[in-house]
Each structure stands twice: as structure tokens, then as C-alpha cells.
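Okay, structure first, notes after.
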Amino acid sequence: MPRRIGRPGLLGTMARTAVIAGTAGAVNRSMERAAAGRAQTQADAQAYRQQTAPAPAPSGGGDDMLAQLDRLGQLHASGVLDDAEFAAAKAKLLA
Numbered sequence: 001m002p003r004r005i006g007r008p009g010l011l012g013t014m015a016r017t018a019v020i021a022g023t024a025g026a027v028n029r030s031m032e033r034a035a036a037g038r039a040q041t042q043a044d045a046q047a048y049r050q051q052t053a054p055a056p057a058p059s060g061g062g063d064d065m066l067a068q069l070d071r072l073g074q075l076h077a078s079g080v081l082d083d084a085e086f087a088a089a090k091a092k093l094l095a
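Numbering (the UniProt record's numbering), first residue to last: 1 to 95.
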């Protein structure tokens, strides 16, 4: 069978179009997942800021302090807080 020279035939064009469409769909889904992850991280950080900023620590609230330390540990483990932010928030809470 002789090899075709020149432009691709109908089958080649359809195959190329399918590959391009599939790649575009995969890239779009990946970008949406990344944006959703960033939005969740920002929402977690905002919730943390709102939780810790205005609330003064009660004088005898041992259970409350443990709950706040546990929450700080969870935020640090999930990556919302880096090491420096975690240490500063823990020092503020324990002071």
C-alpha cells in the first residue's frame, strides 16, 4: 500500500482533533482542582484568623486552651500554617 504524502486524511484529522480535545479537557479539570484547593486553603486560613484574632483568652479555660492547641496542630498538619506561624500562634495562646 503506498504511503500518503501531504495533508492527513479524514481519519487522521479526526484522531488529531480527539487528542487535542481530550488534552484540553484534562488540563481544564486539573486547573479547576488546583483552584478549588487554593480556595479551600484560603478559607481555612481566613477561618483561623477570625477564630484567633478577637477572642481574649479566659483566665481559667484549660479545656478551651487544649481545644485551641488541637486546632492549631490540625491547621499546621494540613499545611495551612507554616512552622513560623504555628510557633507564633502557639506562643500567643500560651502567653
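Glycine is no exception: its CB is placed at the ideal position from the N, C-alpha and C atoms.
- Message: Quick check on the DSSP output: the alpha helix (DSSP H) that includes Gly37 runs from which residue to which?
- Response: Stepping through the sequence shown from its first residue, residue 37 is reached at position 37. Residues 10 to 52.
- Cα separation between Gly22 and Asp44? In the sequence shown, counting from the first residue as 1, residue 22 sits at position 22. In the sequence shown, counting from the first residue as 1, residue 44 sits at position 44. Approximately 33 angstroms between the Cα atoms of the pair.
- Got a sec, what are the start and stop residues for the alpha helix (DSSP H) Asp82 sits in? Here residue 82 is taken as the residue at index 82 of the sequence shown, counted from 1. Careful: Asp82 lies outside any alpha helix (DSSP H) and carries neither H nor E.
- Query: Out of curiosity, what's the CA-to-CA distance linking Gly37 and Met31?
  - Reply: For the purposes of this step, residue 37 is identified with residue 37 of the sequence shown, where counting begins at 1. For the purposes of this step, residue 31 is identified with residue 31 of the sequence shown, where counting begins at 1. Their backbone Cα atoms lie some 10 angstroms apart in a straight line.
- Message: Can you give me the C-alpha to C-alpha distance between Gly6 and Thr13, rounded to a whole angstrom?
- Response: Along the sequence shown, one-based indexing puts residue 6 at 6. Along the sequence shown, one-based indexing puts residue 13 at 13. Whole-angstrom Cα-Cα distance: 12 angstroms.
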